[in-house]
Amino acid sequence: MIFITKDDPLGDGLPAYHIDRKVRETQKDFADGAHMIYVNSKIQGDTKLGRLMHDLHCKNSGEMYSEVLAERFRELKESKEGVRYMCSEMDKIYNEGISVGEQRGVEIGEMRAKKDAAQSLADMGLPAEQIAKAVKVSLLLAKQWISEETELEK
-3 MIFITKDDPL GDGLPAYHID RKVRETQKDF ADGAHMIYVN SKIQGDTKLG RLMHDLHCKN
57 SGEMYSEVLA ERFRELKESK EGVRYMCSEM DKIYNEGISV GEQRGVEIGE MRAKKDAAQS
117 LADMGLPAEQ IAKAVKVSLL LAKQWISEET ELEK
């Protein structure tokens, strides 16, 4: 994975950090093939990486070093068709975000309702096993919710 960061993520002033995984207890490499690179986009020197970081910060295709990036930039940001395409893609991303957020809100609301019901049933003296069945959650979660209610009463 490559992460291009706005600032220096580790503060050592390097243009890039290559990070491999290790087993903490033995300090041996964990050879699963995972490798991360963090790129500090503030360093825009006269290297291939520096010029790429420069190009990624450009607001005008004419300022870019890479003709390939400049051409794609012009296609997507400086032509009517490209702007229309980019707006369409942004609308999709925005709408997907709304949909995911709404779904997450529903899930949170359902869990809060179950928790409130569990605590009310506990106040009525029902055992945790019946509460878990009634609100359709694990016994462990029902007990956790009941104990939270008990803690609040102290």
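Going by my numbering, the residue at position 5 of the sequence shown is 1; the numbering climbs one at a time, nothing skipped.
From the three backbone atoms N, C-alpha and C, an ideal C-beta is built for every residue, glycine too.
This structure is a prediction, so every number in the text was calculated from the model and none was measured.
At least 3 beta-carbon pairs within less than 8 Å: the segment 19 to 34 vs the segment 53 to 67: no
Assign Leu6 to buried or exposed, taking buried as 16 or more other Cβ atoms, counted over all protein chains shown, within 10 Å of its Cβ. exposed
Close beta carbons around Ala66, own chain, < 7 Å, minus the five adjacent residues each side: Ser57, Met60
Quick check on Phe69: does DSSP put it in helix, strand or coil? helix
When you compare the CB positions of Ala114 and Val131, do they come within less than 8 Å of one another, or not? yes
For the segment 30 to 39 against the segment -1 to 18, do three or more pairs of beta-carbon atoms, one drawn from each stretch, fall closer than 8 Å, so that the two count as touching? yes
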